[in-house]
Each structure stands twice: as structure tokens, then as C-alpha cells.
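What follows is one structure encoded as C-alpha cells, with my remarks underneath.
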Amino acid sequence: MATEALREPADPRTRRARVSELEVVRHHFDRAWDSLGLSDDARQIFWEPYREVSVQIPIKLSDGAMHVFHGFRIQHNGARGPYKGGMRFHPEVDIDEVRALASMMTWKTAVASIPFGGAKGGVNVDTRGLKEEELQRIARSLLDKIDKVIGPNRDIPAPDIGTNAQTMAWMMDEYGKLNGHTPACVTGKPISLEGSYGREAATGRGCVIMFEEAAARLGIDPAETTFTVQGFGNVGSWIARAMRELGAKLVAVADQDGAIRSEAGIDADRLVEHVHVGGGKLTEYPEAEEIETGDFYEVPCDVFFPAALGGMVHEDNAPILACRVMVEGANNPTTFAADEILADRGIYVVPDLIANAGGVVVSYFEWVQNLQHFRWEEPAVNDMLRSVMKRTFGEVLHRAERDGRSLREAAFEIGVDRVVEASRTRGYFS
Ligand code: NAD
Numbered sequence: 000m001a002t003e004a005l006r007e008p009a010d011p012r013t014r015r016a017r018v019s020e021l022e023v024v025r026h027h028f029d030r031a032w033d034s035l036g037l038s039d040d041a042r043q044i045f046w047e048p049y050r051e052v053s054v055q056i057p058i059k060l061s062d063g064a065m066h067v068f069h070g071f072r073i074q075h076n077g078a079r080g081p082y083k084g085g086m087r088f089h090p091e092v093d094i095d096e097v098r099a100l101a102s103m104m105t106w107k108t109a110v111a112s113i114p115f116g117g118a119k120g121g122v123n124v125d126t127r128g129l130k131e132e133e134l135q136r137i138a139r140s141l142l143d144k145i146d147k148v149i150g151p152n153r154d155i156p157a158p159d160i161g162t163n164a165q166t167m168a169w170m171m172d173e174y175g176k177l178n179g180h181t182p183a184c185v186t187g188k189p190i191s192l193e194g195s196y197g198r199e200a201a202t203g204r205g206c207v208i209m210f211e212e213a214a215a216r217l218g219i220d221p222a223e224t225t226f227t228v229q230g231f232g233n234v235g236s237w238i239a240r241a242m243r244e245l246g247a248k249l250v251a252v253a254d255q256d257g258a259i260r261s262e263a264g265i266d267a268d269r270l271v272e273h274v275h276v277g278g279g280k281l282t283e284y285p286e287a288e289e290i291e292t293g294d295f296y297e298v299p300c301d302v303f304f305p306a307a308l309g310g311m312v313h314e315d316n317a318p319i320l321a322c323r324v325m326v327e328g329a330n331n332p333t334t335f336a337a338d339e340i341l342a343d344r345g346i347y348v349v350p351d352l353i354a355n356a357g358g359v360v361v362s363y364f365e366w367v368q369n370l371q372h373f374r375w376e377e378p379a380v381n382d383m384l385r386s387v388m389k390r391t392f393g394e395v396l397h398r399a400e401r402d403g404r405s406l407r408e409a410a411f412e413i414g415v416d417r418v419v420e421a422s423r424t425r426g427y428f429s
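With the first letter of the sequence shown counted as 1, position 101 gets the number 100 in numbering that gives the first Met the number 0; the numbers rise by one all the way through.
In C-alpha cells form, the structure reads like this:
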């Protein structure tokens with residue numbers, strides 16, 4: 000009931016999609032599978048997760064009551080390397096959402112050509128209002144209960160919605176108590192605990208690199224662009240800062256509290272100062288005007304970056320999106336119905352599968368550094384990130400143009416093809 004209420008606000012523009020993320024990913028997977036002409040009897044092997052762990056996390060919170068949360072770790076496919084994927088703490092986390100996100104990680108690591116499989120985890124907890132000590136107990140308890148399937152050569156968690164470098168530090172510490180100091184067991188750690196330079200900004204920076212690639216192709220000058228961002232957490236706020244470095248103008252931002260707009264432009268650094276450092280509400284930022292959340296979708300801009308939850312772009316707002324390009328920072332932000340609307344309207348979509356891969360790419364660099372107990376400087380990390388993102392965009396664009404596909408279709412086809420090839424070569428099936 001609570002979930003339905005959250006998904007059905009009065010303004011249909013602001014609701015989340017009625018199709019589940021699992022249905023969205025299944026749709027794209029099936030289409031890729033069929034286009035590749037793969038055999039029907041093997042489809043299930045690559046669609047279903049290899050392993051699903053579901054645990055109970057009972058915690059007595061400061062309200063004096065015992066709360067029983069549910070934690071998940073889903074390992075979708077490990078043919079190309081250890082499982083890899085984020086840990087999400089959000090009240091709407093459920094097993095199907097985690098399954099969808101785990102499968103996305105399998106195809107994402109394959110398209111970016113990094114040697115990982117795909118996984119995802121999460122806890123159905125609302126972190127707002129929780130004390131740090133309570134979050135720490137939840138993170139440690141989850142790690143304790145899934146410890147047997149985690150490890151630097153098995154499965155390597157990272158931050159996602161509601162989790163951050165601090166959460167990874169607690170998880171690393173808990174894993175270390177059970178198995179000995181092993182920094183490579185999680186990525187996205189703080190710099191003081193063998194985290195990588197550039198990891199925190201990597202997903203946002205990667206999205207902006209993808210925008211630069213799309214802009215070059217479309218003849219757009221990034222310095223002359225206006226943009227909007229939905230979600231001002233890790234991904235959204237780093238998109239805003241990296242776009243500012245290019246000289247682009249931020250004209251509207253939305254988060255879970257509402258939306259703001261300024262035609263003169265919103266200073267990303269000052270907004271970070273207000274929200275992340277000062278703990279202020281986005282809607283109370285003094286240098287922009289508060290607007291209705293639904294109106295956010297109609298703010299004219301060159302590029303829109305969804306960087307919040309899945310299912311935010313659907314048939315009730317895709318027709319009114321006033322952008323030329325959409326770069327998906329979030330996972331699964333767009334339903335397949337919305338995809339068709341955007342294509343008909345000529346909006347150029349850089350899909351999540353490649354657009355937000357920067358996080359897992361630098362997570363890969365962090366894991367490599369940890370295994371060697373070595374550290375690269377930030378410029379080196381950013382250069383390597385750029386080169387992987389550019390190569391990935393180029394490969395997907397080439398296939399899309401060659402075969403008459405959208406970037407999303409081409410990305411799924413490349414991802415599925417590489418995973419199937421790795422499985423065949425291992426001898427899992429012929
Ligand atoms: P975060 O928790 O740091 O930030 C989430 C943001 O979304 C917050 O600003 C929150 O207010 C906003 N939000 C929540 N509900 C909203 C709503 N209904 N409307 C508008 N805004 C809303 O999370 P994050 O790490 O920035 O992740 C954001 C998205 O990017 C997710 O889809 C995640 O899976 C994806 N992603 C994250 C990473 C990463 O490295 N963190 C990597 C790849 C993809």
C-alpha cells in the first residue's frame with residue numbers, strides 16, 4: 000500500500016512508471032536476444048539470476064521499536080568476472096527491482112568491456128531521519144548476513160541510492176573482521192581507506208563525457224547548452240559540476256523534496272554547499288525559484304539528465320519533455336512506451352547502459368589499485384575513464400548506425416552478445 004501511494008501522486012507527470020523496472024529490462028533483453036538470433040532454450044539461463052540471497056535485518060531504532068528490514072544481494076551473471084553492483088538503501092527496494100538492476104549490471108560491464116559480472120543489492124529502509132549509528136548497524140548487519148557470497152574474487156558491492164563512501168567503509172570493516180583486511184571487497188570507499196581518486200565523481204563525469212560525445216555528433220557546442228538535472232545526490236550533483244566545467248548553464252533541478260528553476264542559471268557549487276554541506280532543502284535554495292515538480296519536465300533545455308529513481312520518464316511526461324538530448328544517469332529511468340515517444344519526437348537518448356557506466360568503470364580501477372595496493376593520481380583516473388567511455392560510445396554508435404538500431408538496442412545487443420560468448424567459451428553451453 001505504502002509503495003502504491005508513493006507511486007501515485009496527484010500529478011500524473013510526477014508519478015513513477017506503472018510498468019516495473021523488471022518488465023522494462025526484460026523487454027530490452029528479449030529484443031536483443033531475438034535480434035541476435037540466439038536459441039530460445041538458452042534464454043532463461045541469461046535472464047534469470049544465478050543466485051539470490053534474501054535476509055532479514057531486525058534493528059531496534061531510536062523510536063524504541065523493533066523494525067524488520069529486508070536485505071537482498073542478487074548475483075545475476077558471473078561469466079565475465081566477479082559479480083559487481085551497487086547497494087541501494089531505499090524504502091521502495093524490493094526483490095524484483097534488485098533483479099532488474101542486477102541484470103543491468105551484467106550487460107553494462109560487458110558493454111564497457113570491464114571484467115566483471117552483474118549484481119545488485121539493497122535494503123528496504125528509508126534512510127531519512129535515521130541516525131548515523133543506525134545506518135551503520137544496518138550496513139554491518141547486511142554484510143554479516145551475505146558475507147559468504149561477497150569477496151574480491153566473488154562479488155564486490157559499491158554505493159547506490161541511499162548509500163555512500165561511509166557505507167562502503169563500514170562494509171569493508173565488517174568484511175575485514177570476518178576475513179582479514181581486504182579493501183578490494185567493496186569499491187566507492189573513502190580516499191582514507193584505499194578508495195580511488197575520482198570514484199565519487201565518476202558516474203556524473205561519465206554521463207557528461209557521454210553528453211560531449213553525443214554533442215559532437217549532433218553539432219552542439221557544450222559551452223552554449225542549458226541543462227536540467229533530476230536528482231541531486233551523488234550522480235546528479237557531479238553531473239551539474241562537470242557540466243559547469245564545460246561552461247553549460249543549469250536551469251532547473253528536482254529532487255525528492257521538489258524542484259527549482261532559474262533562467263539566469265543555478266551555481267552547481269553553491270547548490271552543493273546548500274544541500275550537501277549545509278543540509279538545506281533543495282526547494283529552500285535562495286538563488287532560484289521553487290516550481291511545481293511536474294513543471295520541471297517542461298523547462299526548456301538542451302539536455303535533460305534523469306539522475307534519481309527508475310521509472311521517472313513515462314507516457315505522462317515524455318510528451319512534454321522540452322529537451323533535445325536526454326542522458327540517463329539513473330538506471331531504468333525510461334519506460335519502453337516513453338522510449339518510443341522520445342524517438343518519435345526526435346529526442347536523442349544516451350541510454351543508462353552506457354551513460355552511467357562511469358561509476359563501475361572507476362570501481363574497476365579502484366579494485367585493480369586495491370589488488371596491487373597502489374594508487375593512481377586523479378588526472379590519470381579521469382583520463383582512463385574518458386578513454387573507456389569514448390570507446391564504449393563509439394562501439395555502440397557504430398553498431399546502431401550499421402544495423403539501424405537505437406543506441407539502447409545496440410548497447411543491449413553488444414552486452415548480451417559478449418556475455419553469451421564468454422559463457423560459450425567457458426563451456427557452459429554450446
Ligand atoms: P543518491 O541517493 O546519492 O541521490 C538520489 C537523488 O534522487 C537524491 O537527490 C534524491 O532526493 C533524488 N530523488 C529521490 N526520489 C526522487 C523523486 N521522486 N523525484 C526526484 N528526485 C528524487 O543516489 P545516486 O547514487 O546519485 O543514484 C542516482 C541514480 O543513479 C540511481 O538510479 C542509481 O542507480 C544510478 N547510478 C548511480 C551510480 C553511483 O555510482 N552512485 C552509478 C550508476 C548509476
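Beta carbons are placed, not taken as given, at the ideal position from N, Cα and C, and that holds for glycine.
Helix, strand or coil for residue i, going by three-state DSSP, please let me know.
i, result
"V185", "coil"
"S102", "helix"
"G357", "helix"
"E126", "The question names Glu, but residue 126 in the sequence shown is Thr. Three-state result, T126: coil."
"K176", "helix"
"Q165", "helix"
"D154", "strand"
"E286", "coil"
"G264", "coil"
"T391", "helix"
"R204", "helix"
"T108", "helix"
"L37", "coil"
"I56", "strand"
From this set, the options, which residue's C-alpha is nearest residue i's C-alpha?
i, options, result
"D159", "G203, F115, V110 and N233", "N233"
"G203", "A215, M167, F231 and A213", "F231"
"D402", "I44, A317, L35 and E244", "L35"
"I73", "D268, G309, I149 and A239", "I149"
"Q165", "D146, T186 and R153", "T186"
"A47", "R17, A200 and M103", "One point to set straight first is that residue 47 is Glu, not Ala, in the sequence displayed. It is M103 whose Cα lies nearest to the Cα of E47."
"R417", "S405, E400 and V395", "V395"
"A64", "L100, M209 and E133", "E133"
"V349", "P11, E131 and E212", "E212"
"V361", "I265, I259, G205 and T224", "G205"
"M171", "A241, Q229 and K188", "K188"
"N381", "D256, A399, G358 and D40", "G358"
Quick one: is residue i buried, meaning 16 or more other Cβ sit within 10 Å of its Cβ, or exposed?
i, result
"Q368", "buried"
"I319", "exposed"
"V324", "buried"
"N178", "exposed"
"H27", "buried"
"G175", "exposed"
"S429", "exposed"
"T2", "With a pLDDT of only 48 at T2, under the threshold of 50, the placement of this residue in the model should not be trusted; the figure read from the coordinates follows. With fewer than 16 other Cβ atoms within 10 Å, it is exposed."
"K59", "exposed"
"T391", "buried"
"T13", "buried"
"S191", "exposed"
"H273", "buried"
"G310", "buried"
"N152", "exposed"
"T227", "buried"
"H432", "Summary: the structure shown does not reach residue 432, with the chain confined to residues 0 through 429, and so no result is reported for it."
"R216", "exposed"
"G414", "buried"
Given the structure, does residue i come close to ligand 1, in the sense that its CB is under 7 Å from one of the ligand's heavy atoms?
i, result
"V234", "yes"
"D254", "yes"
"Q229", "yes"
"N381", "no"
"A138", "no"
"P158", "yes"
"R202", "Note on residue identity: the sequence assigns Thr, not Arg, to residue 202. Indeed, a heavy atom of ligand 1 lies less than 7 Å from the Cβ."
"N152", "no"
"L142", "no"
"L308", "yes"
"N316", "no"
"A329", "yes"
"G117", "no"
"N355", "yes"
"G85", "yes"
"G358", "yes"
"G161", "yes"
Using a Cβ-based criterion (distance less than 7 Å to any ligand heavy atom), does residue i qualify as near ligand 3?
i, result
"G414", "Judged by which ligands are present, ligand 3 is missing from the structure shown, whose ligands are ligand 1."
Closer than 8 Å, CB to CB, is residue i near chain D or not?
i, result
"E131", "Structure shown: chain D not included; a single protein chain is present."
Quiz item: Do the region 83-96 and the region 332-341 make contact, defined as three or more Cβ pairs closer than 8 Å?
Solution: no
Quiz item: Taking three-plus beta-carbon pairs below 8 Å as touching, is the region 108-117 in contact with the region 134-143?
Solution: no
Practice problem: Could you say if the region 373-382 and the region 186-199 meet the contact criterion of at least three C-beta pairs nearer than 8 Å? | Solution: yes
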